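Please read the structure below before turning to the comments.
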Amino acid sequence: MNPIDFLVAKMMLPIVETCYSITGNYGWAIVLLTVIIKMVLMPLTVQSYYSMKAMQKIQPKLKKIQERYRGKPEELNKQMMMLYRENKVNPLGGCLPMLIQMPFLIALYASLIGPQFKKMLESSGHKSFLFMDDLAKIGVMHGNTPYFDNLFMVAMFGITTWYQQRIMTPPGVPEDPQQAAMQRSMAAMPVIITAMFLFFPVPSGVFVYLVISNLITIAQYGFLNAQSASREAKLVAAGGAPVAALDKAEEDVENDDKGETLSAVAGNKYKVKKSAKKKKRK
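The opening position of the sequence shown corresponds to residue 2 in this note's numbering, with each subsequent residue numbered one higher.
This is how it looks when you write it as structure tokens:
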């Protein structure tokens, strides 16, 4: 038995069946399953959020390092790793919840597209959910006949994915060309993924999971954004602490530049004095 079949037979379908015993409908069972997964991953989501915030704060310092060690990839990587370590930043921290969620999504897809789930729906007599007439229905077309419920869910997925990305992306255009290019690529992802779903055989139940997952993520990040803004506003009112924290990277860059300038000046003075002493001896 391969890992996916094991997840389907031993974990995903029994969990879906348990959720169905609580809700009495397989659509609501998928919603409940989605909520459980997102709540279990909530600590990682919070960690991912603050990791992204920390990455935003060190961008000026990171840009300075990239400019200083351009053409020296080994030294650049070393300095970047030191910067991440000093500021306790994981550049891949923002991807962790999504990566951990992927096996569950793959297992859910394999579960809902398989014959066993169809039998479960038929035996229960609860194939429909809200405006969707069959949770095991696959794709957006049957021959030349469109499945309007699945088309609507594809549109909902695209809209919620776009909005989720919008609240997760810092405002403005990054000064670093690489960061700007990455931001443009990420902005195109909702369109690309949504277009793929028009041709990919996705069961209706998976669309329910994806849309509910996006809505929960939007709510989580909305709460974290509001909490972060409230905390910073209180600190500003108390004495401007967050302003100093936000500008720490810029101050570090300025201090580095001043240090380099002073070192260069001191070095030049030393060379001038040494040259003058040699002339006196002659």
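C-beta: ideal position from N, C-alpha, C; glycine also.
A quick note: this is a predicted structure, and the numbers were derived from the prediction, not measured.
- Message: Would the stretch 208–216 count as touching the stretch 20–34 if we require 3 or more Cβ pairs under 8 Å?
- Response: Segments in contact, yes.
- Query: Are the stretch 145–165 and the stretch 55–69 in contact at 8 Å, needing three or more beta carbon pairs?
  - Reply: The stretch 145–165 is not in contact with the stretch 55–69.
- Task: Would you identify the three-state DSSP class for THR170, choosing helix, strand or coil?
- Result: Coil at THR170, not helix or strand.
- Out of PRO204, ASN226, MET142, point me to the one whose CA is closest to MET53's CA. Checked all of PRO204, ASN226, MET142; the closest Cα to MET53 is ASN226.
- Which listed residue (VAL36, LEU199, PHE130, GLY223) has its alpha carbon closest to that of LEU152: Checked all of VAL36, LEU199, PHE130, GLY223; the closest Cα to LEU152 is LEU199.
- PRO202, DSSP secondary structure in three states: Three-state result, PRO202: coil.
- Can you give the beta carbon distance from SER49 to ALA137, rounded, assuming they're within the 8 Å contact cut? Here SER49 is actually not in contact with ALA137; their C-beta atoms are around 33 Å apart, not less than 8 Å.
- Nearest-angstrom Cα separation, counted from ALA55 out to ALA239: Each residue's alpha carbon lies about 22 Å from the other.
- Inter-residue spacing [alpha-carbon to alpha-carbon] between PRO202 and MET142: Here the C-alpha atom of PRO202 lies approximately 9 Å from the C-alpha atom of MET142.
- Item | Opening and closing residue of the alpha helix (DSSP H) in which PHE284 lies | The requested residue 284 is not part of the displayed model; the chain covers only 2 to 283.
- Message: Using the three-state DSSP reduction, which class does ILE59 fall into: helix, strand or coil?
- Response: In the displayed model, ILE59 falls within coil according to three-state DSSP, outside both helix and strand.
- Just how far apart, CA to CA, sit ILE66 and LYS89? So the two alpha carbons sit approximately 17 Å from each other.
- Item | C-alpha gap between THR19 and ARG86, whole angstroms | C-alpha separation (whole angstroms): 44 Å.
- Message: I'd like the span of the alpha helix (DSSP H) that includes TYR21, first residue to last.
- Response: 14–24 is the extent of the alpha helix (DSSP H) around TYR21.
- Item | Environment of GLU255 [buried if 16+ CB atoms lie within 10 Å] | Because the pLDDT at GLU255 is just 49, under 50, the model does not fix this residue reliably, and the point stays unresolved.
- Message: If the criterion is Cβ atoms closer than 9 Å, does the pair MET43 and GLN228 meet it?
- Response: Cβ atoms of MET43 and GLN228: not closer than 9 Å.
- Query: Rounded C-beta distance between LYS39 and SER214? I'm assuming under 8 Å.
  - Reply: That pair is a contact at about 6 Å.
- According to DSSP, residues forming a beta bridge with THR146: Answer is HIS143, bridged to THR146.
- Task: Could you please give the first and the last residue of the uninterrupted alpha helix (DSSP H) stretch that includes TYR27?
- Result: Counting along the chain, the alpha helix (DSSP H) containing TYR27 begins and ends at 27–41.
- Query: ILE16 to GLU123, Cα distance in whole Å?
  - Reply: Within the model, the alpha-carbon separation for ILE16 versus GLU123 is close to 18 Å.
- Message: Which residue marks the beginning of the alpha helix (DSSP H) containing TYR70, and which one marks its end?
- Response: Careful: TYR70 lies outside any alpha helix (DSSP H) and carries neither H nor E.
- Query: Per DSSP, what kind of secondary structure is PHE132 in: helix, strand or coil?
  - Reply: It is coil, neither helix nor strand.
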